[in-house]
Structures are given as C-alpha cells and as structure tokens.
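Here's the structure, in structure tokens; my notes come after.
Number of protein chains: 2
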Amino acid sequence: MDVKTLCLGVLVLGDASGYEIKKHFEEGPFSHFHAAGFGSIYPALGTLLADGLVTCTEMAQEGRPDKKVYSLTEAGRRAFRRELHKAPSPDSYRSEAIFMMFFGDLLDPDHLGEVYQRHLAVHRAKVDCLSDPDCTVAGRDRKFVHGLGLAVSRAIVDYMENSRGVLFGAGDVVDEDAVDEGGGGERGAETPRAAE
Amino acid sequence: MDVKTLCLGVLVLGDASGYEIKKHFEEGPFSHFHAAGFGSIYPALGTLLADGLVTCTEMAQEGRPDKKVYSLTEAGRRAFRRELHKAPSPDSYRSEAIFMMFFGDLLDPDHLGEVYQRHLAVHRAKVDCLSDPDCTVAGRDRKFVHGLGLAVSRAIVDYMENSRGVLFGAGDVVDEDAVDEGGGGERGAETPRAAE
DNA sequence: GCGTCCATGTAAATGGTTACATGATTAT
DNA sequence: ATAATCATGTAACCATTTACATGGACGC
Chain A
1 MDVKTLCLGV
11 LVLGDASGYE
21 IKKHFEEGPF
31 SHFHAAGFGS
41 IYPALGTLLA
51 DGLVTCTEMA
61 QEGRPDKKVY
71 SLTEAGRRAF
81 RRELHKAPSP
91 DSYRSEAIFM
101 MFFGDLLDPD
111 HLGEVYQRHL
121 AVHRAKVDCL
131 SDPDCTVAGR
141 DRKFVHGLGL
151 AVSRAIVDYM
161 ENSRGVLFGA
171 GDVVDEDAVD
181 EGGGGERGAE
191 TPRAAE
Chain B
1 MDVKTLCLGV
11 LVLGDASGYE
21 IKKHFEEGPF
31 SHFHAAGFGS
41 IYPALGTLLA
51 DGLVTCTEMA
61 QEGRPDKKVY
71 SLTEAGRRAF
81 RRELHKAPSP
91 DSYRSEAIFM
101 MFFGDLLDPD
111 HLGEVYQRHL
121 AVHRAKVDCL
131 SDPDCTVAGR
141 DRKFVHGLGL
151 AVSRAIVDYM
161 ENSRGVLFGA
171 GDVVDEDAVD
181 EGGGGERGAE
191 TPRAAE
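Which chain is which? The protein sequence lines are A and B, in order. Here the first sequence is numbered in our numbering, starting from 1 and rising by one per residue. Here the second sequence is numbered in our numbering, starting from 1 and rising by one per residue.
Rendered as structure tokens:
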C-alpha cells in the first residue's frame with residue numbers, strides 16, 4: 001500500500017489540499033499508524049489526478065498562496081475500496097530510541113537519560129493529543145482505532161514510568177552513575193507533562 | 001540509522017552469520033522494534049567487512065552449507081557506540097491492518113473480520129513469544145526493552161478483546177463512552193510488570 | 001517427489017526522504 | 001530582522017524490498 005492509497009483514504013474523510021493531507025498524517029487520526037511527506041504526497045496526487053481517481057479545484061485565497069483542493073471521484077472511491085480488500089502487509093515498527101535503550105549499557109548515562117526522556121515525552125504528548133476532546137472522530141471504526149492508539153500510548157507511558165528503575169539501576173545492580181543519581185536529583189524525571 | 005548499524009548491534013550480542021542475524025530480527029529481542037531482510041543484510045555485512053568494522057571466518061559445516069561467521073572488531077565496536085550517541089530519529093509505525101480497520105465501514109464484513117482476527121492473532125503470538133521464559137534476556141536495559149514490547153503487545157490484545165463490540169456492532173453493542181473511557185476507567189487489570 | 005530449513009549472494013525495481021526552488025504573509 | 005505558517009512542486013539520492021540464482025540435507 002503506497003502513499004496514493006493513503007491519500008485516497010484522507011480524501012474519503014473530506015476534500016483536502018496536499019498541504020492539508022500532510023497535516024492529517026502529522027496530527028490527525030492517521031498520525032499514529034502512518035506517515036508521509038511532501039515529496040511523496042504531491043507526486044501521488046499528480047498520479048491520482050492523471051488516473052482520474054481525484055479531481056482538482058484551484059482556489060484563490062486572500063493573504064495566502066493558492067490552494068489546490070482535491071476531491072475523490074467515483075472511480076477513486078471504487079479504487080480505494082478495492083485496495084482496502086487486499087490482504088494487509090504486516091505491521092512495521094522501527095524505533096531507534098528503543099534500539100538505543102536496548103544498548104543502554106554502552107551509552108553515556110546522560111545520553112541514555114535524554115533518549116528515555118524524549119521517548120516518554122513523545123508518547124505523553126500523544127496521549128494528551130488523543131485524549132483531547134477536539135480529537136474525537138465519528139463512526140465506530142474510527143473510534144475503535146482511536147481508542148487503540150490511545151491504549152498503546154498509555155501502555156508505553158505507564159510502563160516507562162513504572163519501570164524507570166529497571167533502566168536506571170535504582171535496584172540491585174548499582175553502578176557508579178546510579179549512586180549520585182539515586183540519592184538526590186531525579187535528572188528531571190518528573191518533567192512537565194507533555195507539551196512539546 | 002541503517003542496516004549496517006543494526007547488524008553491528010546484533011554482533012555486540014555475539015558472533016553471527018548473515019542468516020543468523022536475520023533470525024535475530026525475526027524472532028529475537030529485536031523483533032518488536034526493527035526488521036531487515038537478506039537483501040539488505042548481506043550487502044551491509046560486505047560493506048562492514050570492507051570498512052574493517054567486522055571480521056569474517058568461513059566455517060565448514062557437516063551436512064550444511066558453509067557459514068560465514070562475522071565478529072566485531074574494536075573499530076566496529078567504537079563505530080557502533082558513536083552511532084548510538086547520535087540523536088535517534090523519530091519512531092515510525094505503519095500498519096495497513098489498522099488503516100483498513102479505520103475504514104471498516106467501507107469493508108466487506110468478512111474481510112474486516114479477517115483483518116481484525118489476524119491482527120489480534122499476530123499480537124497474541126507476540127505476547128506468547130515474549131512471555132516465554134526462553135526469551136528472557138540478560139541485562140537491565142534488555143529487560144526494560146523486553147518488558148516494553150510485552151506491555152505494548154498486551155495492551156493491544158487487551159484493547160482489541162475488550163472493544164471488539166465497538167468495531168462489530170454485534171448484539172450487545174458496547175456503549176460508545178466505553179471507548180473514550182476504556183483507557184481512563186479500568187486500567188488496573190493491565191499493568192504488566194513484565195520485566196521481572 | 002515435495003516442501004522446508006540451512007546458507008549466500010546479486011540485480012532490478014520500487015518507493016520514499018532530503019534538498020532544492022519559490023514566494024507571500026504574519027507574528028516575534 | 002527572523003522565523004514560522006501557508007502553499008506547491010521537482011530531482012537527485014538513498015535504502016529497502018523483491019525476484020532471481022544456486023544447492024545440499026532432511027522429513028513426510
């Protein structure tokens with residue numbers, strides 16, 4: 001499944017420009033299970049237009065560059081449904097942050113702390129974003145997916161908060177770094193909630 | 001971070017052949033946050049060898065093809081640590097299955113059911129795999145990451161089982177509020193303290 | 001006999017990211 | 001001033017996936 005199909009999916013939710021489609025992948029309900037950049041969206045829209053799966057209306061705006069708003073055609077809707085009925089390819093997840101934490105023993109404690117904090121912050125932000133009432137979606141399928149994303153992000157935040165000690169030797173395994181950390185300062189462990 | 005670095009990471013855990021490295025990504029402790037195929041592993045090993053970051057020993061085996069076992073050199077270990085100290089690029093997750101479920105209203109109910117079942121099965125298998133005592137890893141960083149993977153998979157399985165009715169409005173349709181509060185309300189049941 | 005596991009590798013094709021190119025408006 | 005937001009698009013580059021090529025051993 002390529003970016004073309006993802007764009008069709010966004011357009012099912014309503015007409016949009018390339019710029020707006022990208023925002024959907026960044027902030028909208030798609031953000032937690034797919035991504036795409038301009039370099040792939042614009043060419044994809046061009047192909048879809050050439051194939052007659054979408055139409056395009058140029059819109060002049062005041063104080064802003066012109067917009068090209070794309071709409072699904074009937075053929076586009078059919079093509080999208082056909083695509084949706086293929087077998088899904090397996091999920092792929094890649095996280096350099098987790099990879100780094102896996103090799104935490106080879107890391108500068110400061111760097112490990114930073115990677116940990118940032119990863120936690122990202123997922124706290126995701127929880128906040130998905131918990132925001134503005135973010136609610138219509139339709140039970142959408143709600144299901146929305147809830148799934150929230151459940152996963154919450155699980156990550158909970159685990160990271162509760163198991164912090166496993167990564168930073170607060171328990172049995174005590175090394176030099178853990179001593180000065182464990183006693184006093186928490187290296188900003190309780191960072192302000194999300195907001196990034 | 002490319003496959004070269006991932007291979008170095010596997011080799012930190014012990015010498016291995018290209019074939020064995022791939023298995024690490026499929027079944028080992030890396031499986032839940034990265035992947036790689038032969039087509040990228042073998043060329044990567046070639047480059048690493050040319051760069052002097054690994055050495056290679058050909059090993060004849062009885063009743064099996066010869067093996068090329070790779071080992072980290074000191075330079076390789078240093079290069080790996082250097083790589084680990086870069087800023088991690090953001091996580092990327094892509095799931096066609098979730099994308100399809102998001103558009104469940106456009107799907108054949110049978111197909112939706114299949115996608116749902118398969119997705120659940122995959123994550124149940126992951127939970128089983130990570131719960132298996134054989135799968136335990138040494139070192140607190142490893143345990144932390146292992147526990148994180150388990151927590152996420154468990155969260156997915158739990159959510160999918162409990163919110164099944166949201167997706168398939170079958171008979172006892174779960175109240176829509178249950179989705180919103182599914183995370184906030186009854187989270188006590190799932191707080192897997194996996195890493196112990 | 002057939003499929004699967006072991007084992008290595010290459011080449012073509014796919015597809016996406018990054019950098020470039022442009023440019024007005026608004027907020028700091 | 002400077003950065004950010006809005007807005008579109010191209011081209012070079014990069015990485016990965018897929019298909020191909022080879023071949024013995026082992027279980028069914």
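Yeah, the Cβ is synthetic: ideal placement off N, Cα and C, and Gly gets one too.
From the DSSP output, in three-state form, read off residue i for me.
i	result
A/T57	strand
A/L13	coil
B/V137	coil
B/R92	Checking the sequence shown, residue 92 of chain B turns out to be Ser, not Arg. Three-state DSSP puts B/S92 in a strand.
A/K22	helix
B/K86	coil
A/L107	coil
A/P65	strand
A/S40	helix
A/S131	helix
A/S71	strand
B/A97	helix
Can you find a CB in chain A that lies within less than 8 Å of the CB of residue i?
i	result
B/A35	yes
B/N72	Residue identity differs from the one stated: residue 72 of chain B is Leu in this sequence, not Asn. No, B/L72 does not count as interfacial toward chain A.
B/L106	yes
B/G169	yes
B/G28	no
B/A151	yes
B/G46	no
B/Y42	no
On the premise that residue j lies in contact with residue i, defined as a C-beta separation below 8 Å, what is that separation, rounded to the nearest angstrom?
i	j	result
A/A16	A/Y70	6 Å
A/K22	A/A36	7 Å
A/F102	B/V145	5 Å
B/V137	B/P29	5 Å
B/P88	A/E96	4 Å
Give me, in chain order, the residues of the same chain whose beta-carbon lies closer than 7 Å to that of residue i; leave out the 5 immediate sequence neighbours on both sides.
i	result
A/D177	Residue placement at A/D177 is poorly supported in this model, since its pLDDT is 42, which falls under 50; the coordinates still yield a value, given next. Cβ neighbours of A/D177 beyond the five flanking positions: P109.
Consider the Cβ of residue i: report whether some Cβ of chain B lies at a distance smaller than 8 Å.
i	result
A/S89	yes
A/K143	yes
A/H24	no
A/S95	yes
A/R81	yes
A/L84	yes
A/A155	yes
A/F102	yes
A/S92	yes
A/F38	no
Taking 6 Å as the limit between beta carbons, can you name the residues of its chain near residue i, skipping five residues before and five after?
i	result
B/M59	K67, V69
A/A75	G52, L53
B/G139	none
A/C56	L49, K68, Y70
A/L13	none
Closer than 8 Å by C-beta to residue i: which residues in its own chain qualify, once you throw out the five before and the five after it? Chain order, please.
i	result
A/F33	V145, G149
B/G182	Unreliable positioning characterises B/G182 in this predicted model, as indicated by a pLDDT of 39, which lies under 50. The coordinate reading is nonetheless provided below. Taken in chain order, the residues that qualify are Y159, N162, S163.
At a Cβ cut of 7 Å, what residues of the stretch 108 to 121 of chain B count as close to chain A, listed as they run along the chain?
D108, H111, V115
Taking Cβ-Cβ distances below 8 Å as the criterion, which residues of the stretch 4 to 15 of chain A are in contact with chain B?
L6, G9, V12
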